[in-house]
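Undergrad:
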Amino acid sequence: MQKKSFIVQIAFLILSIASMIISKAGQHIASGILLFVGAILLYGYYFWISHSLVDLRALLSLFWIGGEGLAALQLSHLQTDWTNTTWVCFTGFYFMFIIGYELAQFYLRGYRTKKKRVYNRAKISSCLMICIILIAVGSLVSFITEVVCLGYVPILSEETHAYSNFHMTGIHYFTVTCMMVHALTLIYIMNRKSKMDKADVAMLVICNCMALLVAVACISKFQLLLTVALPTIIYLSIKKDINYRRLFLWGGIGVVALAGLFAFMIIRRNYGEGYLNDIFEMRNKNLPMAVQYPYMYIANNYANFNCMTEQLTQHSWGLRMLFPVFALTGLKFVFPQLVAFPIYITKTELNTLTIIYDAFYDFGVVGVLGFGIVLGVVCAYMTRKIKKNKNPIIYLFYGQIAMYLVLSFFSTWFSIPTTWFWFAVTAFLYLIVEKGSRKKIVLL
């Protein structure tokens, strides 16, 4: 670890300990503010040394520590004082992630590739167009299949949980790949140097409309978020000369538009304000729903983790994190006991979790720390790959990992089947471009 990074991490540890002490003294607002300020400073530091708004260390710093800061405010009656184990896990995961990243980065600096692949840009564009069409058509066909078999469209249903029940085993994985279409389109446009003809433009418009239709019709906030955020992250990782004033202007417009769509989806899910007030149990009942909803969307996941550290009596020794294997192979239907584990949460309706939930469920604090190191190593490797690899699909890998770090407060991303299905689809698209656009191998 570089000297500056070492000093920064020691400062972060001191800040976390101070925040814990302040929180245990009952000063939750001060504790949360301290963590939130720390998250912003850490993001600024990693942006400064990487010159990238979407540096993976910066993203985890801002959203994981920032989310922890929001949760530490304890604005809901559902939240209780965190256990010492919870504090150790929240801080230790981030700290070990940085250590893993720095160690891998140090090792990779001495690694030299012996050969490089030369690609034909025109062939890359053709392959990318094929990928866009495959994903858009496949997603729409899967969606229509689910509509026909299940008998309803979520956005048109009056049922409160219609969106949750809208899935068919195996088929829904393909439906939700719609989120890749806009990202692939951006990669296609940024890769193509020549002017697009009308046929290409028309095809892109059709495919993107199909993908957006599926995302909105499913009234999935997460799908909509990925549809917007994934291309944004990819754009920022590809684009070198960024006009920050224009970026923040369009970013602000995008946030407002996205908030409007989220509000529309909440209405279409038939969530009344009284219903949400009863669920959130805010200490200040006068807080507007525009504040309550995003706050609980983030903060309660940390409370769920704390709930587990208080109630868990036996670890699952790897079975929770192996769930994608059991799901994608169908073993969960043959041996249901492999996935029959209780979930520890504050309230049934608030069942989203943090990225480290299953790591702790499986192996406790050691599992969380080990998971942090492994994830840091993977992120360092991926950062190197986007700098060295000329296959543009690598940015789709990077964008997905970045999104999981941005939403690290929201789900156990690496132990859910959909994540690995998306990785598999991305690997398939990578091979399409790799095989279809390579000219030759040039030895250095």
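Residues 8 to 451 (our numbering) are what the sequence shown spells out, left to right.
C-beta: ideal position from N, C-alpha, C; glycine also.
Nothing here was measured: the structure is a model prediction, and the numbers come from that model.
Are there 16 or more other CB atoms within 10 angstroms of the CB of Gln344, so buried, or fewer, so exposed?
TA: exposed
Undergrad: Along the chain, where does the alpha helix (DSSP H) containing Asn91 start, and where does it finish?
TA: 91–116
Undergrad: Given a threshold of 16 other Cβ atoms within 10 Å of its Cβ, counted over all protein chains shown, does Pro238 qualify as buried or as exposed?
TA: The residue is buried, with at least 16 neighbouring Cβ atoms inside 10 Å.
Undergrad: Between Cys96, Ile21, Ile47, Asn91, which lies nearest to Phe378 when the distance is taken from Cα to Cα?
TA: Cys96
Undergrad: Out of curiosity, what's the CA-to-CA distance linking Val413 and Ser444?
TA: 32 Å
Undergrad: Looking only at C-alpha atoms, which of Arg252, Lys442, His322 sits nearest to Ile350?
TA: His322
Undergrad: Ordered along the chain, which non-local residues of its own chain (more than five positions away) have a Cβ less than 6 Å from that of Gly73?
TA: Phe43, Ala46
Undergrad: Along the alpha helix (DSSP H) that carries Lys395, what are the first and last residues, could you check?
TA: 364–395
Undergrad: Which first and last residues belong to the alpha helix (DSSP H) in which Glu356 is found?
TA: Careful: Glu356 lies outside any alpha helix (DSSP H) and carries neither H nor E.
Undergrad: Exposed or buried, Asp365, counting other C-beta atoms within 10 Å across all chains shown (16 or more means buried)?
TA: Asp365 should be labelled buried.
Undergrad: Thinking C-beta only, is Phe150 closer than 8 Å to Ala37?
TA: Inclusion of Ala37 and Phe150 in the CB contact set at 8 Å is not warranted, their separation being larger than that value.
Undergrad: Quick one: Cα of Val346 to Cα of Leu256, how far?
TA: 46 Å
Undergrad: Specify the secondary structure class of Ser83 as computed by DSSP and reduced to three states.
TA: strand
Undergrad: Using the C-alpha atoms, what's the distance from Val15 back to Met5?
TA: An answer regarding residue 5 cannot be provided, because it is not within the stretch 8 to 451 covered by the chain.
Undergrad: How big is the Cα-Cα spacing for Leu157 and Ile178?
TA: 12 Å
Undergrad: Using alpha carbons as the reference points, say which of Gly374, Ala387, Asn396, Lys397 lies closest to Gly99.
TA: Gly374
Undergrad: Per DSSP, Met289 forms a beta bridge with which residues?
TA: The bridge partners DSSP lists for Met289 are Ser83.
Undergrad: Helix, strand or coil for Phe435 per DSSP?
TA: helix
Undergrad: Going by CA-CA distance only, name the one from Thr93, Met296, Arg116 that's closest to Arg391.
TA: Arg116
Undergrad: Just the Cα atoms here: how many angstroms apart are Asn198 and Ser132?
TA: 7 Å
Undergrad: Is it the case that the Cβ atoms of Tyr368 and Met410 are separated by a distance below 8 Å?
TA: no
Undergrad: Once you ignore the five residues that flank Ser244 on each side, which residues in its own chain have a CB closer than 8 Å to its CB?
TA: Ser59, Val61, Ile393, Tyr402, Tyr405, Gly406, Ala409
Undergrad: I need the DSSP call for Phe342, collapsed to helix, strand or coil.
TA: coil
Undergrad: Are Leu357 and Asn307 closer than 8 Å when you measure CB to CB?
TA: yes
Undergrad: Could you give the DSSP three-state label for Phe173: helix, strand or coil?
TA: coil
Undergrad: Using the beta-carbon count (16 or more within 10 Å), is Cys94 buried or exposed?
TA: First, the amino acid is wrong: residue 94 is Trp here, not Cys. Buried is the call here.
Undergrad: Should Ser83 and Glu288 be called a contact, given that it needs their Cβ atoms to be closer than 8 Å?
TA: Yes, these two residues count as a Cβ contact at 8 Å.
Undergrad: Do Thr192 and Ile139 come within 8 Å of each other at the CB atom, strictly closer than that value?
TA: yes
Undergrad: Compare the beta carbon distance of Tyr302 and Leu67 with 8 Å and say whether it is the shorter of the two.
TA: In this structure, the beta-carbon distance from Tyr302 to Leu67 does not fall below 8 Å.
Undergrad: Grab the span of the alpha helix (DSSP H) containing Ser146 for me, first residue to last.
TA: 128–157
Undergrad: For Leu48, does the three-state DSSP call read helix, strand or coil?
TA: helix
Undergrad: Lys228 to Asp285, Cα distance in whole Å?
TA: 21 Å
Undergrad: Which word fits Ala79, buried or exposed, when buried means at least 16 other C-beta atoms lie within 10 angstroms of its C-beta?
TA: Of the residues assessed, Ala79 falls on the buried side of the cut-off, its CB having 16 or more other CB atoms within 10 angstroms.
Undergrad: Can we say the stretch 100–114 touches the stretch 416–426, given the rule of at least three CB pairs closer than 8 Å?
TA: The stretch 100–114 makes no contact with the stretch 416–426: fewer than 3 CB pairs, one atom from each, lie closer than 8 Å.
Undergrad: Leu41 and Ser26 look like a contact to me (Cβ under 8 Å); what is the Cβ gap, rounded to whole Å?
TA: 5 Å
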